[in-house]
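Notes for the one structure printed next.
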Amino acid sequence: MSGRATHRPTYRAARVGRPLVTLGGLLLAWWAVSRFAGIPAYLLPDPGSVAVALWTQRTLLAWSTLTTLTETVLGLLIGTALGGLCALAMVFSGRIRRWLMPMLLLSQAVPVFALAPLLVLWFGFGIASKVVMAVLVIFFPVAASFADGLARTETGWLELARTMGASPASLLLRVRLPAALPAFASGLRVATAVAPIGAVIGEWVGAASGLGYVMLNANARIQTDLMFAALLVLATMTVLLWTLVDRALRWLLYWVPDAQDDRHPA
Amino acid sequence: MNAVGQPRDHAAPPSLRLLGLSLRYDGRVLFADLSLTIEAGRFVVLLGPSGVGKSSLLRIAAGLAAPDSGRVEAGDGRPLSGRIAYMGQQDLLFPWASVIRNVTLGDRLRGARPDHERALSLLERVGLADRAAALPAELSGGMRQRVALARTLYEDRPFVLMDEPFSALDTVTRSRVQDLAAELLSGRTVLMITHDPLEACRLGDVLVVLAGSPATLGPPIAVPGAAPRPPDDPELLRTQGRLMRMLTG
Numbered sequence: 000m001s002g003r004a005t006h007r008p009t010y011r012a013a014r015v016g017r018p019l020v021t022l023g024g025l026l027l028a029w030w031a032v033s034r035f036a037g038i039p040a041y042l043l044p045d046p047g048s049v050a051v052a053l054w055t056q057r058t059l060l061a062w063s064t065l066t067t068l069t070e071t072v073l074g075l076l077i078g079t080a081l082g083g084l085c086a087l088a089m090v091f092s093g094r095i096r097r098w099l100m101p102m103l104l105l106s107q108a109v110p111v112f113a114l115a116p117l118l119v120l121w122f123g124f125g126i127a128s129k130v131v132m133a134v135l136v137i138f139f140p141v142a143a144s145f146a147d148g149l150a151r152t153e154t155g156w157l158e159l160a161r162t163m164g165a166s167p168a169s170l171l172l173r174v175r176l177p178a179a180l181p182a183f184a185s186g187l188r189v190a191t192a193v194a195p196i197g198a199v200i201g202e203w204v205g206a207a208s209g210l211g212y213v214m215l216n217a218n219a220r221i222q223t224d225l226m227f228a229a230l231l232v233l234a235t236m237t238v239l240l241w242t243l244v245d246r247a248l249r250w251l252l253y254w255v256p257d258a259q260d261d262r263h264p265a
Numbered sequence: 000m001n002a003v004g005q006p007r008d009h010a011a012p013p014s015l016r017l018l019g020l021s022l023r024y025d026g027r028v029l030f031a032d033l034s035l036t037i038e039a040g041r042f043v044v045l046l047g048p049s050g051v052g053k054s055s056l057l058r059i060a061a062g063l064a065a066p067d068s069g070r071v072e073a074g075d076g077r078p079l080s081g082r083i084a085y086m087g088q089q090d091l092l093f094p095w096a097s098v099i100r101n102v103t104l105g106d107r108l109r110g111a112r113p114d115h116e117r118a119l120s121l122l123e124r125v126g127l128a129d130r131a132a133a134l135p136a137e138l139s140g141g142m143r144q145r146v147a148l149a150r151t152l153y154e155d156r157p158f159v160l161m162d163e164p165f166s167a168l169d170t171v172t173r174s175r176v177q178d179l180a181a182e183l184l185s186g187r188t189v190l191m192i193t194h195d196p197l198e199a200c201r202l203g204d205v206l207v208v209l210a211g212s213p214a215t216l217g218p219p220i221a222v223p224g225a226a227p228r229p230p231d232d233p234e235l236l237r238t239q240g241r242l243m244r245m246l247t248g
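Here the protein sequences come in this chain order: D and F.
To convert, note that position 228 of the first sequence is 227 in numbering that gives the first Met the number 0; the numbers rise steadily by one, no gaps.
To convert, note that position 55 of the second sequence is 54 in numbering that gives the first Met the number 0; the numbers rise steadily by one, no gaps.
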């Protein structure tokens with residue numbers, strides 16, 4: 000414990016410092032290429048003009064981010080709820096599992112991107128079609144990882160609970176469910192990282208606002224600096240959302256061994 | 000005697016009878032027509048080579064597996080369900096629950112109101128009252144096994160079945176937990192599996208060796224003196240020698 004405590008400040012500095020160094024290096028390389036490689040600005044704008052676009056178009060970008068964020072978060076909430084319920088249903092009954100599993104696999108065999116035009120046709124140019132897209136992208140990782148976690152409960156725990164006279168409902172609620180939460184959390188982390196992809200694809204096909212919509216319009220008008228600005232905002236939004244979800248999961252699953260030690264042995 | 004850990008039921012616990020048990024596994028007969036009676040309030044230790052079927056026998060007694068034939072019954076003729084406490088090789092503590100919640104697990108699983116006071120006094124007996132709020136991950140292996148022992152005792156069952164419960168502990172910790180187990184389990188009808196002849200001789204009233212294919216039970220060895228016996232007790236050493244000859248012979 001004491002060894003860990005003394006390492007903490009160095010570890011924190013490294014955790015914050017490393018991405019900053021990477022980011023700085025990337026910015027420098029970007030600036031150097033755009034300045035000295037003779038690439039025209041409409042193909043690769045320099046960081047300065049992207050910063051200017053970020054500032055001058057801040058209102059448009061802020062509103063667009065709000066749209067994309069709303070679609071992503073709604074998609075995450077609905078997709079996680081549906082995926083979680085689906086996993087529970089599959090564990091609860093073998094018959095439900097046999098019916099649902101082929102449909103789940105089929106849903107993954109059809110690329111979601113190919114469905115986008117159809118979804119826009121069905122659900123309109125508004126927010127609904129993007130939420131459905133995000134739900135479709137999120138559903139599988141959540142359902143698959145949670146179902147896996149529920150099915151792999153430590154046999155010893157189940158047997159112990161049985162010798163104690165636990166009912167099937169109690170086994171599910173007090174043993175299987177908490178035991179599967181780490182697997183569920185892994186699924187949710189993946190889902191959070193991919194959810195904005197669903198929303199943006201939906202916006203590309205047909206929308207009236209959102210970061211994907213801004214990108215598509217900027218592309219058509221060869222405003223590459225604005226495209227880059229929208230891309231940067233999207234990436235930042237995704238990273239922040241992921242960090243928020245990751246923090247919340249760590250706090251909720253306080254008992255799961257801290258994976259940080261494995262990931263950062265130095 | 001009404002100390003914590005002693006059966007609250009003042010009547011002596013009944014005996015446990017395994018009658019004519021047979022089990023096949025993978026087309027091989029593990030044991031056939033096997034019978035063993037654990038006399039009321041006695042501590043019986045089952046020894047034998049790995050894979051001979053000791054754990055299967057214990058799992059059948061615990062109601063976790065069904066035999067191909069034979070039955071398990073209590074000496075008083077009442078049903079066994081709800082009267083057996085089981086302790087496995089691993090501590091099987093739930094990592095998400097605090098120590099005290101692990102001890103009261105049985106009540107919470109049955110939807111009954113946990114008796115925190117009794118759980119705390121049991122934790123005090125195993126020397127962990129100050130760790131009641133800790134998570135299992137914060138405890139050492141010996142502490143975790145002591146929590147598992149408290150959880151087993153919290154169930155307050157007349158029959159206690161244990162499958163190598165202390166095998167994962169180092170020698171010193173194991174000896175301490177054995178002392179505790181001997182003290183806290185006295186008065187219950189206990190069947191324990193172990194690979195450790197010294198552990199068997201320290202804790203058991205009667206030792207039985209399961210060996211052969213199909214496996215049969217050797218003649219019971221009675222260990223004189225009250226458990227926990229000191230490891231250098233001459234009677235214990237003599238019994239251990241006899242046991243070793245049976246196990247290796």
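Even for Gly, the Cβ is constructed at its ideal location relative to N, Cα and C.
Just so we're clear, the structure is a prediction, and the values are computed from it rather than from any experiment.
By Cβ distance, which residues of its chain are closer than 8 Å to residue i, with the 5 residues on each side in sequence left out?
i, result
"S21 of chain F", "V28, F30, A31, D32, L33, P66, D67, S68, G69"
"L168 of chain F", "G140, G141, Q144, V176"
"T242 of chain D", "none"
"A39 of chain F", "A11, P12, P13, S14, G74, T188"
"G203 of chain F", "F42, V43, V44, M191, V222, A226"
"L252 of chain D", "L180, P181, A184"
Tell me which same chain residues have a C-beta within less than 6 Å of the C-beta of residue i, skipping the five on either side of it?
i, result
"V207 of chain F", "L45, L216, P219"
"G2 of chain D", "Any reading at G2 of chain D is ruled out, since the residue's pLDDT is 44, under 50, leaving its predicted position unreliable."
"V199 of chain D", "G211"
"L90 of chain F", "The identity of residue 90 of chain F in the sequence shown is Asp, whereas the question assumes Leu. For D90 of chain F, where only same-chain residues beyond five positions count, the Cβ hits under 6 Å are R143, Q144, A147."
"T67 of chain D", "A198, G209, L210"
"S48 of chain D", "D224"
"V244 of chain D", "T191"
"T172 of chain F", "G141"
"T151 of chain F", "A84, M86"
"A207 of chain D", "F124"
On the DSSP bridge list, what partners appear for residue i?
i, result
"F158 of chain F", "F:I83, F:T188"
"S21 of chain F", "F:S68"
"I37 of chain F", "F:L15"
"A73 of chain F", "F:L15"
"L216 of chain F", "F:L209"
"L46 of chain F", "F:V208"
"V28 of chain F", "F:R23"
"A221 of chain F", "F:V205"
Quick one, are the C-beta atoms of residue i and residue j less than 8 Å apart?
i, j, result
"L63 of chain F", "F158 of chain F", "no"
"V130 of chain D", "I77 of chain D", "yes"
"W156 of chain D", "A179 of chain D", "no"
"P39 of chain D", "D224 of chain D", "no"
"I59 of chain F", "V51 of chain F", "no"
"T191 of chain D", "L135 of chain D", "no"
"S54 of chain F", "D195 of chain F", "no"
"L138 of chain F", "A131 of chain F", "no"
"P223 of chain F", "D178 of chain F", "no"
"V213 of chain D", "S63 of chain D", "yes"
"V165 of chain D", "R109 of chain F", "The sequence shown places Ala at residue 165 of chain D, not Val. Yes, these two residues count as a Cβ contact at 8 Å."
"L190 of chain F", "V98 of chain F", "no"
"L134 of chain F", "P94 of chain F", "yes"
Among the options, which has the Cα closest to the Cα of residue i?
i, options, result
"A50 of chain D", "D:S128, D:G37, D:S92, D:W30", "D:W30"
"F124 of chain D", "D:G205, D:G82, D:Q222", "D:G205"
"A184 of chain D", "D:L233, D:A160, D:W121, D:A80", "D:A80"
"R107 of chain F", "D:V255, D:V174, D:L117", "D:V174"
"F145 of chain D", "D:A12, D:P256, D:F91", "D:F91"
"G211 of chain F", "F:M245, F:P94, F:G203, F:S80", "F:M245"
"M243 of chain F", "F:P233, F:P230, F:A199, F:D204", "F:A199"
"A150 of chain D", "D:A61, D:M102, D:E202, D:L87", "D:L87"
Please classify residue i as buried or exposed, where buried requires at least 16 other C-beta atoms within 10 Å of its C-beta.
i, result
"A136 of chain F", "exposed"
"A214 of chain F", "buried"
"S49 of chain F", "exposed"
"A180 of chain F", "buried"
"L215 of chain D", "buried"
"I221 of chain D", "exposed"
"F35 of chain D", "exposed"
"L19 of chain D", "exposed"
"E154 of chain F", "buried"
"W98 of chain D", "exposed"
"P164 of chain F", "buried"
"V15 of chain D", "exposed"
With a CB to CB cut of under 7 Å and the five nearest residues on each side skipped, what residues in its chain are close to residue i?
i, result
"S185 of chain F", "none"
"T238 of chain F", "C200, I220, V222"
"Q107 of chain D", "F139"
"Q56 of chain D", "L225, A228"
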